[in-house]
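Enquirer: If you want the numbering used here, it's the 1-based position in the sequence shown plus 68.
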Amino acid sequence: MRKMYHPVSHLMLALTISSCMLVTACSKKNQLPEKLPADNTVDAKTENDVTDPPPFFTIFPESGNTTYHSYRIPAIIRSKNGVLIALAEARKNSDDDWGDIDIVCRRLLKTSTDEVKPGITNAEWTSQTIIAGNNNVVLDDIPNVPSDAVAESYSNQGTFGNPTLVTDQTTGRVWLFMSFNDKDHCQSCNKVAGDGTYDQYSNVTKYGDRRLFLCYSDDDGATWSTPVDMTQELTPNTYKWDAVGPGIGIQKRFVSLENTLIIPANGRNLYKTPTGSWSYATVPSGTSESTIIERPDGKLLRNDRKAPAPDITDLANRYRQTSASTDLLNWTAPFQNNTKLMDPICQASILRYTDGSTTNKSRVMFMNSNHQTQRRHPAIRISYNEAIDWPIIRSIPNNGSGILGGYTSLVKTADNMTGALIEYNATTSMNIQYHKISLGWILNGNPEP
69 MRKMYHPVSH LMLALTISSC MLVTACSKKN QLPEKLPADN TVDAKTENDV
119 TDPPPFFTIF PESGNTTYHS YRIPAIIRSK NGVLIALAEA RKNSDDDWGD
169 IDIVCRRLLK TSTDEVKPGI TNAEWTSQTI IAGNNNVVLD DIPNVPSDAV
219 AESYSNQGTF GNPTLVTDQT TGRVWLFMSF NDKDHCQSCN KVAGDGTYDQ
269 YSNVTKYGDR RLFLCYSDDD GATWSTPVDM TQELTPNTYK WDAVGPGIGI
319 QKRFVSLENT LIIPANGRNL YKTPTGSWSY ATVPSGTSES TIIERPDGKL
369 LRNDRKAPAP DITDLANRYR QTSASTDLLN WTAPFQNNTK LMDPICQASI
419 LRYTDGSTTN KSRVMFMNSN HQTQRRHPAI RISYNEAIDW PIIRSIPNNG
469 SGILGGYTSL VKTADNMTGA LIEYNATTSM NIQYHKISLG WILNGNPEP
């Protein structure tokens with residue numbers, strides 16, 4: 069049965085209680101929290117596995133599910149207990165970015181403390197469930213709705229999107245941020261020719277048209293709290309359009325602000341210290357659809373999509389945008405073109421695979437559509453110097469007759485492989501594939517530096 073929590077006031081109480089519990093769990097400066105994922109672990113299996121192509125299957129939709137037209141915008145994370153939690157936008161009537169869109173979830177469970185399911189068949193994953201949208205209505209949090217009956221219709225046909233996850237490895241809680249707008253709004257709707265009015269939908273034009281919701285799970289994604297509207301607390305009042313993530317955030321581990329949770333968002337980072345509630349700190353403008361990692365020296369790196377999008381012929385500016393900072397709360401370095409990472413102006417994903425604090429190398433992985441004009445040709449790269457250079461790159465095979473490429477999300481699995489959610493069929497009814505990739509396959513016989 070779904071756990072139901074009351075809106076903001078009770079959530080804040082829960083945050084205060086959980087924050088107090090975290091005080092005793094905090095480690096001393098420069099020590100990692102207990103039971104962090106094995107970020108330093110690379111075993112012989114993943115180093116030597118060169119299975120080609122890497123195994124994959126369609127994770128969204130679940131086999132036999134015909135409820136939705138398309139699935140887009142994946143996010144995947146690993147819980148403290150090693151469970152993989154995969155989310156996506158389930159788009160009811162079309163593959164458009166607006167209209168009736170829900171957030172759905174599937175999970176890969178560990179069979180015991182020692183055994184991990186491969187996760188490369190549909191049957192190994194749990195059935196598809198709905199986290200936000202459909203019958204899981206958000207009533208009190210929707211503004212200017214006159215009655216619960218209207219609110220239910222409003223919520224059921226609204227747009228929940230941009231799922232962005234982060235795991236608190238100290239408490240085990242998995243947090244989920246989502247963007248929301250009602251069924252009648254979108255970012256860039258099409259005008260009817262001649263009369264200047266909008267066809268069916270209206271653009272988001274003022275603060276509050278686009279909202280930010282938050283929920284969490286304390287049981288590895290099996291159940292989730294009722295989404296709570298955090299727009300007033302976490303979205304600057306000058307914003308009209310807004311988006312969080314999508315994908316994943318991080319838990320800070322080095323030098324300062326250890327254990328702080330960080331979620332990248334438009335123009336800011338959302339963060340929660342172990343003893344505090346969720347807040348935000350601004351970053352320079354000029355980007356959207358954000359990713360973030362932490363370097364072992366404590367410096368944070370954002371790797372974002374350029375915004376607004378340059379013309380398709382402006383190849384000099386069709387690259388990823390990066391900015392680094394040693395100070396979460398005072399981030400001043402402007403974003404710049406990263407000419408080592410071409411980009412079709414799309415979302416991407418970045419993941420720390422190993423941190424190099426023991427005998428292993430520091431490895432950061434990055435995946436995007438390796439092209440400047442098309443959301444195709446997804447490739448995975450490895451950096452050994454903290455996302456500065458990318459000497460290793462390998463393209464993901466386009467298995468099947470559709471088009472592979474678009475939005476992605478990366479996770480390190482409990483058996484030290486890399487799981488990748490990748491959009492598929494960009495020109496028709498879209499779905500999402502799960503690929504399980506070994507380090508050996510990415511290296512493809514090339515020596516590591």
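All C-beta atoms, glycine included, are put in the ideal place defined by N, C-alpha and C.
1. Could you tell me the alpha carbon to alpha carbon distance between T422 and V432, rounded to whole angstroms?
2. Looking only at its chain, what residues have a beta carbon closer than 6 Å to the beta carbon of N334, apart from the 5 residues adjacent to it on each side?
3. Relative to the C-alpha of F281, which residue among W243, D287, G315 and K308 is closest?
4. Assuming P142 contacts Y136 (C-beta within less than 8 Å), just tell me the rounded distance between them.
5. Is the beta carbon of R386 closer than 9 Å to that of Q440?
6. Relative to the C-alpha of L419, which candidate in N438, T126 and T486 has its C-alpha closest?
7. Got a sec, what are the start and stop residues for the beta strand (DSSP E) T135 sits in?
8. Could I get the ranges of all uninterrupted alpha helix (DSSP H) runs contained in the segment 131 to 173, with 4 residues as the minimum, in chain order?
9. Ignore the nearest five residues each way along the sequence and tell me which others in N249's own chain have a CB closer than 8 Å to its CB.
10. When the Cα atoms are used, what is the spatial distance from S463 to N514?
11. How big is the Cα-Cα spacing for V118 and R449?
12. What number of angstroms, rounded off, separates the C-alpha of T134 from the C-alpha of V110?
13. Tell me whether the segment 501 to 513 and the segment 325 to 342 touch, counting them as touching only if at least three CB pairs, one residue from each stretch, are closer than 8 Å.
14. State the beta-bridge partners of I331 as determined by DSSP.
15. Only counting the same chain, and skipping five residues up and downstream in sequence, which positions put a Cβ closer than 7 Å to that of I510?
16. Should P364 and Y452 be called a contact, given that it needs their Cβ atoms to be closer than 9 Å?
17. Is S293 buried or exposed, if buried means 16 or more other CB atoms sit within 10 Å of its CB?
18. Do D457 and K408 have their C-beta atoms within less than 9 Å of each other?
19. Suppose you measure from the CA of T496 to the CA of S162; what does that come to, to the nearest Å?
20. Any idea if K320 is buried or exposed, counting beta-carbon neighbours within 10 angstroms, 16 or more meaning buried?
21. P332 and T232 - do their beta-carbons sit closer together than 9 Å?
22. Determine the closest residue to I199 out of V234, A290 and T235, with distance taken between C-alpha atoms.
23. Would you call N523 buried or exposed, if buried means 16 or more other Cβ atoms sit within 10 Å of its Cβ?
24. Give me the Cα-Cα distance between T306 and S247, rounded to the nearest whole angstrom.
25. Taking the beta carbon of E183 as the centre, do at least 16 other beta carbons fall within 10 Å, making it buried, or is it exposed?
26. Residues in its own chain within less than 8 Å of I413 by CB, not counting five upstream and five downstream?
27. Tell me the DSSP secondary structure of W509 in three-state form.
Expert: Looking at the atomic coordinates:
1. Counted from its first residue, the sequence shown places residue 422 at position 354. Counted from its first residue, the sequence shown places residue 432 at position 364. Each residue's Cα considered, the two are about 7 Å apart.
2. Here residue 334 refers to the residue found at position 266 when the sequence shown is read from its first residue. Excluding residues within five positions, the ones whose Cβ falls inside 6 Å are D310, A311 and S356.
3. One-based indexing of the sequence shown puts residue 281 at position 213. Checked all of W243, D287, G315 and K308; the closest Cα to F281 is W243.
4. In the sequence shown, counting from the first residue as 1, residue 142 sits at position 74. In the sequence shown, counting from the first residue as 1, residue 136 sits at position 68. Contact annotation, P142 with Y136: C-beta distance approximately 14 Å; criterion of less than 8 Å not satisfied.
5. Start at 1 with the first residue of the sequence shown, and residue 440 comes out as number 372. Start at 1 with the first residue of the sequence shown, and residue 386 comes out as number 318. The answer is yes: Cβ separation under 9 Å.
6. Position 351 of the sequence shown, counting from 1, holds the residue named residue 419. Of N438, T126 and T486, the residue nearest in Cα terms is T486.
7. Counting from 1 along the sequence shown, the entry for residue 135 is found at position 67. Premise fails: T135 is in no beta strand (DSSP E) and is neither H nor E.
8. none
9. Your numbering for residue 249 matches position 181 in the sequence shown. Within the same chain, N249 has close Cβ partners W166, G226, T227, V272, D277, R278 and R279.
10. As a working note, residue 463 is residue 395 in the sequence shown. As a working note, residue 514 is residue 446 in the sequence shown. Taking C-alpha positions only, S463 is separated from N514 by approximately 14 Å.
11. Here residue 118 refers to the residue found at position 50 of the sequence shown. Here residue 449 refers to the residue found at position 381 of the sequence shown. If you take the alpha carbons of V118 and R449, they lie about 16 Å apart.
12. Position 66 of the sequence shown, counting from 1, holds the residue named residue 134. Position 42 of the sequence shown, counting from 1, holds the residue named residue 110. Going from the Cα of T134 to the Cα of V110 covers about 39 Å.
13. no
14. Counting from 1 along the sequence shown, the entry for residue 331 is found at position 263. Secondary-structure assignment with DSSP links I331 through a beta bridge to L338.
15. Stepping through the sequence shown from its first residue, residue 510 is reached at position 442. Hits under 7 Å: I448, I450, I460 and R462.
16. Taking the sequence shown and counting its residues from 1, the one referred to as residue 364 is at position 296. Taking the sequence shown and counting its residues from 1, the one referred to as residue 452 is at position 384. Against a cut-off of 9 Å, the Cβ pair of Y452 and P364 comes out as no contact.
17. The residue labelled residue 293 in the question sits at position 225 within the sequence shown. Burial state of S293 is buried, judged by a 10 Å Cβ sphere holding 16 or more other Cβ atoms.
18. For the purposes of this step, residue 457 is identified with residue 389 of the sequence shown, where counting begins at 1. For the purposes of this step, residue 408 is identified with residue 340 of the sequence shown, where counting begins at 1. Going by C-beta atoms, D457 is nearer than 9 Å to K408.
19. Locating residue 496 in the sequence shown gives position 428, counting from the first residue. Locating residue 162 in the sequence shown gives position 94, counting from the first residue. Answer to the nearest angstrom: the Cα atoms are 9 Å apart.
20. Indexing the sequence shown from 1 puts residue 320 at position 252. Answer is buried; the Cβ neighbour count reaches 16.
21. Your numbering for residue 232 matches position 164 in the sequence shown. Your numbering for residue 332 matches position 264 in the sequence shown. Yes, Cβ-Cβ distance for T232 and P332 is below 9 Å.
22. Translated into positions along the sequence shown, residue 199 becomes position 131. The shortest C-alpha separation from I199 is found at A290.
23. The first residue shown for the chain is 69 and the last is 517, placing residue 523 beyond what the model contains.
24. Here residue 306 corresponds to residue number 238 of the sequence shown, with the count starting at 1. Here residue 247 corresponds to residue number 179 of the sequence shown, with the count starting at 1. Straight-line Cα distance between these residues: approximately 16 Å.
25. Working through the sequence shown from its first residue, we reach residue 183 at position 115. It is exposed - the Cβ of E183 has fewer than 16 other Cβ atoms within 10 Å.
26. Sequence index remark: in the sequence shown, residue 413 carries index 345 (1-based). So the qualifying residues of the chain are R373, K374, A377, P378 and R386.
27. Counted from its first residue, the sequence shown places residue 509 at position 441. Helix, per DSSP.
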